[in-house]
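Numbering (the working numbering), first residue to last: -3 to 314.
All C-beta atoms in this analysis are idealised placements derived from N, C-alpha and C, irrespective of residue type, glycine included.
Single-structure report; data block below.
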Amino acid sequence: MSESSAAMSPAAPAEAPPRRERQLGWWPRTSFAFVRAMLRVLLAVCGLRGLYRICRGFGTLEYLINYKRRSRVRGMLRKVFGREITRHERHRMVREHFMRQRCDKAFYLIADMLGTEQIKRCFNIVNRELMDGGLARGRGVYVLLCHHGAHHVTGLTMSTLGYRVGGVRDPNEGPLRTYMQSLWAKKHPELTPPKVVYSGDFVRDIYRLFKDNYALGSALDVSRVRDPRLRSLPVQIFGETRQFLTGTLQIALRCRAVVLQGFIVSRDNFVYQLELHGPMVDPEKFEESPELLGDILQRYADNIAEYARQYPDHITRV
């Protein structure tokens, strides 16, 4: 499950050239290693809670100097709230956004430095019985995510809890996630690493993950449909009509997987919470149709809008 995932259409070709793993250059590796060394020292001296407060301080500093990003976040908030919030509230939300993002990235960079028991204390699942009950059926679970919250953190923490998880992502994989996924796999060879399927890869790979009873997540709320092979349907959200992807949702329905909606909430002191809702449809009693897909996507969009208003600092894309 990831912050920029994208769903694939069942109409994608059955065969495609294998995608090579992205190779990081020396500069990203060096810069990430340098930041990790600093965080390791701060973690040893100040502990996890002390590091959290320091990261919030760095987030505040970034808020003060990065005026271009500050303007982008204000624009997203205007779409979500319109004129319903005061200028003071908007500034507070933007500042909290910077602090939360800085803390999320710091936790992700030090995740492999923490013991598995410590990571488990930093993560919990609301309505976990929905996930466990769905996996008990043996046909997999599909979690509808969105571009809000720290998905990259959740993939690692769920694997620590013993879940087999996967994500459908845009092929433009961020260098930070590529770097940390490699380190995590080396540090925890005993855990099943999160599996990633990229848009344009084999559709059968998604079917296989459901057949192997994985918990698979992807975000359907893309800002634009980049590949004409990806199927989409219109929804109403934030006062406008948008095209949301349907591909992985259709595959999940055909596999009779349990379909849930999930939101990642960042709490104080590096505590993360996956909030599950659903099921979006009874996996045993439905007939696939454009009307059913449209109903699921519209409820998905309505929940996103409600969540964005409740946690405006978690917004990463609108």
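Secondary structure note for HIS310: it is in no alpha helix (DSSP H), with a DSSP letter that is neither H nor E. Here the alpha carbon of LEU205 sits roughly 30 Å from the alpha carbon of ARG263. At a cut-off of 3 residues, the continuous stretches assigned as beta strand (DSSP E) that sit fully inside the segment 143 to 228 are 161 to 165, 191 to 194 and 211 to 215.
Counting along the chain, the unbroken alpha helix (DSSP H) around LEU44 starts and ends at 22 to 61. Here DSSP, grouped into helix, strand and coil, assigns PHE119 to strand. Taking C-alpha positions only, LEU229 is separated from LYS75 by approximately 21 Å.
In the DSSP assignment, ARG250 falls within the unbroken alpha helix (DSSP H) covering 243 to 250. Annotated as distal: PHE103 and VAL139, with beta-carbon spacing of 8 Å or more. Of the residues ARG79, SER155, LEU288 and ARG91, the one whose Cα lies closest to the Cα of HIS184 is SER155. In the structure shown, THR237 adopts extended strand secondary structure according to DSSP, grouped into three states. Counted as a single uninterrupted DSSP element, the alpha helix (DSSP H) harbouring PHE94 occupies residues 83 to 106. In the three-state reduction of the DSSP assignment, SER67 falls in the helix class, which pools H, G and I.
Judged by DSSP in its simplified three-state form, ARG124 adopts helix. The criterion of a C-beta distance shorter than 8 Å is not satisfied by ARG250 and GLU287.
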